[in-house]
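Undergrad:
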Amino acid sequence: LGLVWQPRLDCFKFIFKSWSHPLQLTKRTLLSDINRVFDPVGFVSPVLIRGKIFLQQLWALKLNWDTPLPPEMQQKWIQFYTSLKSLEQLIIPRHVPFSNSESVQLHGFCDASQNAYGACIYVLSSITGQSQLYCSKSRVAPLKASTIPRLELCGALLLAELINMVLREFGRISISCNTRSVTLWSDSSIVLAWINSDKPLKAFVSNRVAQILDLTNATQWRHVPTNSNPADLITRGCLAETLSENNLWWHGPEWLSQTEENWPFNNIVSPSEIPELRIIHSILVVNNQMEYILENRYSSWTRLTRITAYLLRFGSNARSKEISIRQFGPLSIVEIDKAITLLLKNVQSLAFEQELSDLRANKMVGRRSPLRALNPFLDNYGLIRVGGRLTNANIAFNSKFPIVLPSKGNVTQLIFEHEHKRLLHIGPQGLLANIHLRYWPLRGRLIAKKTVRNCIVCFRSSPKFISPFMAPLPRERVNVERPFARTGVDFCGPILIRSGIRRVVSVKCYISVFVC
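In the numbering used here, each residue's number is its place in the sequence shown (first place is 1) plus 112.
1) Taking a contact to mean a Cβ-Cβ separation below 8 Å, would you say N487 touches G500 in this structure?
2) Check this for me: beta carbons of V278 and L325, under 8 Å apart or not?
3) How many whole angstroms separate the CB atoms of L199 and V153, which I take to be in contact at a CB cut-off of 8 Å?
4) Figure out for me which residue from I507, L483, N504 has the closest Cα to the Cα of R497.
5) W189 and R140: beta carbons closer than 8 Å?
6) Mind checking T354: buried by the 16 CB within 10 Å criterion, or exposed?
7) Over what stretch of residues does the beta strand (DSSP E) that includes A224 continue unbroken?
8) Measure the alpha-carbon distance for L148 versus N227 and round it to whole angstroms.
9) In the structure shown, what three-state DSSP assignment does S250 receive?
10) Where V625 and G605 are concerned, what is the direct C-alpha to C-alpha distance, given to the nearest angstrom?
11) May I ask you to report which of helix, strand or coil DSSP gives C350?
12) Could you check how far apart the C-beta atoms of L202 and K125 are, in whole angstroms? I think they sit under 8 Å.
13) Ignoring anything shorter than 3 residues or poking outside the segment 260–308, list the beta strand (DSSP E) runs there in chain order.
14) Compute the distance between the beta-carbons of I527 and W552, then report whether it is under 8 Å.
15) Count Cβ pairs between the segment 367–379 and the segment 317–332 that sit closer than 8 Å; are there 3 or more?
16) Which residues mark the beginning and the end of the beta strand (DSSP E) in which D602 is found?
17) One question on the structure: do P261 and S293 come within less than 8 Å of each other, judged by their Cβ atoms?
18) For the alpha helix (DSSP H) containing P183, list its first residue and its last residue.
19) Could you check where the alpha helix (DSSP H) with P158 kicks off and where it finishes?
20) Do S369 and Q187 have their C-beta atoms within less than 8 Å of each other?
21) Nearest CA to the CA of I204: which residue from I127, S225, I435, F166?
22) When you compare the CB positions of L389 and L313, do they come within less than 8 Å of one another, or not?
23) DSSP on Y551, reduced to helix/strand/coil?
24) In or out: V477 buried (at least 16 other Cβ within 10 Å) or exposed?
25) Looking only at DSSP bridge pairs, what is C123 linked to?
26) Would you identify the three-state DSSP class for G427, choosing helix, strand or coil?
27) Contact defined as beta carbons within less than 8 Å: I believe L443 pairs with A421. What is the distance between those atoms, to the nearest angstrom?
28) Taking the beta carbon of T240 as the centre, do at least 16 other beta carbons fall within 10 Å, making it buried, or is it exposed?
29) Taking C-alpha atoms, which residue in F509, L536, D602, F426 lies nearest to A451?
30) Locate the alpha helix (DSSP H) running through V590, then write down its first and last residues.
31) Terminal residues of the continuous beta strand (DSSP E) containing W333?
32) Would you kindly report the start and end of the unbroken alpha helix (DSSP H) that includes G556?
33) Anyone know if the C-beta pair for W306 and I391 falls short of 8 Å?
34) Does P342 pass the burial test, meaning 16 or more other C-beta atoms within 10 Å, or should it be called exposed?
35) Using the C-alpha atoms, what's the distance from N522 back to L304?
36) Quick one, are the C-beta atoms of C350 and N359 less than 8 Å apart?
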């Protein structure tokens, strides 16, 4: 069933055998019936699209493959399929007269509706001055609701793919068509605006516009009125009885064979009215947390604190207008303490962001926080310290409430290395004990062991225990001899023992051991 070629007339015709519908029409039988119509070129797409839309409606009803259709739907399908017999009246000429590539123009049209979208291509020969339908394609619109402009864009992409396929086929038979000889038409001003727009579009639109521009040029697209668009027949469907008399479908609009001055005006939406533009929101976030890059640029705690102190002094002197209050000379202890406090606050703000937020709001830290068991609190400088019951102890404040340090970070490692060298390469236990006089590092024992283990000086000075080589065993121990030929004797005593249950007097006892 379907398209056949008649060599004598050099034309295409459609042949349909007599069709008797089964007693029960199902989705399976309908799919078989619609696929019997062989139309690879798409000459009767406006007719067949009605059957495809009907089949899609069955999917919307969620009918099984072998469930009988409702009586009213069976009657509609019988009327549609029996009307296909009228397609036998069609006589479609196969030959398109042209002598060279300059005498051929290709015009493509696309359109879409809520039910379907499609595209068709016409060949215009300057020899005959007439245009002729070359091929077409149709697609059923997805069941998921979509806007008409998006479906029109899908139709434009279908046309771009179809025209690209036609140009490849022309290339196989040594017919080349330049860009100016190909014109693509759409009745959607929004789609044309999307294709010609350089503004950012939403993902769905942007992806398809990119594919269209990969296959075609934006200058090839023009606007066509809806009443002159032959692809509109694909989206609405057409009766088989009236298709043969539809000149718009077989030859395109009348002005197609006229000069370009008589073509429709190219109506494109202004850029301010283009829908589906991707809105780019710029959000400015104020970050109160300063990031200090000095921490990872120095391998000495002393050098890091002094550089930070000099930077703080520079900032203070730059803000001071009076020279008399500016600071000069060597760094003071107060300046170094300020630098250390600043470095520790930065480390804690990076490692304990949530804990700082909770403590500033006078809340307990979270249950899963590593500081939960330390009863932490904030001091006057905003540092997290370990709480405890030593408030009344007559010891230093740092020893009663040490500053919390994270287990990871360059600052924590620099403090351990500094104390290890200051205390003349003390061992892990002594190192951790001295660190606890001011700081409370998380997983401090592991950090102390790692610091000592990685110390080059400690590695070089640590003694290595070497076992001495033993002398050869004596002959008596390695040669075979009779038992007790050579005997080792060990004798000890006396040992006072008491034999019996009631005997109180102790008796001397001697022990002799003979070893073979």
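In this text, a Cβ means the ideal position worked out from N, Cα and C, and glycines have one as well.
Please read all numbers here as calculations on a predicted model, not as lab measurements.
TA: The answer reads as follows:
1) By the CB criterion at 8 Å, N487 and G500 fall inside the cutoff.
2) No, the Cβ-Cβ distance between V278 and L325 is not below 8 Å.
3) Contact doesn't hold; Cβ gap of about 13 Å is too wide.
4) Comparing alpha-carbon positions, the option among I507, L483, N504 lying closest to R497 turns out to be L483.
5) No, the Cβ-Cβ distance between W189 and R140 is not below 8 Å.
6) An exposed status is given to T354, since fewer than 16 other beta-carbon atoms sit within 10 Å of its beta-carbon.
7) Where A224 is concerned, the enclosing beta strand (DSSP E) stretches over 216–224.
8) Inspection of the sequence shows that residue 148 is occupied by Arg rather than by Leu. For R148 and N227, the distance between alpha carbons rounds to 22 Å.
9) In the structure shown, the three-state DSSP call for S250 is strand.
10) Here the alpha carbon of V625 sits roughly 12 Å from the alpha carbon of G605.
11) Looking at C350 - three-state DSSP - the assignment turns out to be coil, as it is neither helix nor strand.
12) The beta-carbon distance between L202 and K125, rounded to whole angstroms, is 6 Å. This is short enough to meet the 8 Å contact definition.
13) Counting only runs that start and end inside the segment 260–308, the beta strand (DSSP E) elements of at least 3 residues fall at 294–298.
14) Pairing I527 with W552 gives a Cβ-Cβ distance that is not under 8 Å.
15) Counting C-beta pairs closer than 8 Å gives fewer than three between the segment 367–379 and the segment 317–332, which falls short of the contact rule.
16) Following the DSSP letters along the chain, one finds D602 inside the beta strand (DSSP E) bounded by residues 600–609.
17) The Cβ atoms of P261 and S293 do not sit closer than 8 Å to each other.
18) From DSSP, the alpha helix (DSSP H) with P183 extends over 183–195.
19) Note, P158: alpha helix (DSSP H), 157–172.
20) The criterion of a C-beta distance shorter than 8 Å is not satisfied by S369 and Q187.
21) Minimum Cα distance to I204 is reached at I127.
22) At a Cβ-Cβ threshold of 8 Å, L389 and L313 count as neighbours.
23) In this structure, Y551 counts as strand in the three-state DSSP scheme.
24) Result: buried.
25) Under DSSP, C123 takes part in a beta bridge, and its partners are Q118, P205.
26) Residue state, collapsed to three classes: helix.
27) So it is a contact: roughly 5 Å between Cβ atoms.
28) Flag for T240 reads exposed.
29) It is F426.
30) That run of the alpha helix (DSSP H) goes 587–590.
31) Run containing W333: 333–335, per the beta strand (DSSP E) assignment.
32) In the DSSP assignment, G556 falls within the alpha helix (DSSP H) that extends over 556–565.
33) No, they are not a contact pair.
34) Counting of Cβ neighbours within 10 angstroms places P342 among the buried residues, the total reaching 16 or more.
35) Cα-Cα distance, rounded: 58 Å.
36) Annotated as distal: C350 and N359, with beta-carbon spacing of 8 Å or more.
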